[in-house]
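Here the structure is laid out as structure tokens; the discussion comes afterwards.
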Amino acid sequence: MGDLVLFLPFLALFGVIIYMQTRQRKKIQARQAQLQAALSVGAPIMLTCGLHGDVAALDDTTVDVEIAPGVIATFARAAVLEVRGTESTFVDDDDADSDDDAATDADTDADRADTAEARPAKPLAREDPSP
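Numbering (this note's numbering), first residue to last: 703 to 833.
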């Protein structure tokens, strides 16, 4: 009887851990299903590898992404991390200051554009390979 009393807390802890993992997995699957439903031709997306582009065509298992004008690459649908222009898949919905963050992001993007125009372009390769 004494051994059973010592074993029950460990069994309860194990059950709680399994329940939490199952619950988290269901949330992730629901978020992924919502993301797949949001895919449409022309939608700007970001892939898991960090590549940005627009959806050119959709299939049951693949998505064709236009990564540059006239350049289309095919990826698995599971490689889509987020649909740009909507909330990030990893942002909590209870984020109260998201409007402030969006304004700050817009200011930062404008600052980056200003500094990129003022900075001279670097040459891709040295013209004279001798030292």
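Positions of the beta carbon are idealized from the N, C-alpha and C atoms, including for glycine. The structure presented is a predicted model; accordingly, all values stated were derived computationally and were not measured.
For Val773, is the classification buried or exposed, using 16 other Cβ atoms within 10 angstroms of its Cβ as the cut-off for buried?
-> Exposed is the call here.
Where does the unbroken alpha helix (DSSP H) through Asp705 begin, and where does it stop?
-> DSSP places Asp705 inside the alpha helix (DSSP H), whose first and last residues are 704-740.
Is Ser742 near the ligand MG, with its Cβ less than 6 Å from a heavy atom?
-> For the ligand MG, the structure offers nothing, since it holds no ligand at all.
How would you call Ile747, buried or exposed, if buried means at least 16 neighbouring beta carbons within 10 angstroms?
-> Ile747 comes out buried.
By DSSP, does Ala745 sit in helix, in strand, or in coil?
-> Of the three classes helix, strand and coil, the one that applies to Ala745 here is coil, per DSSP.
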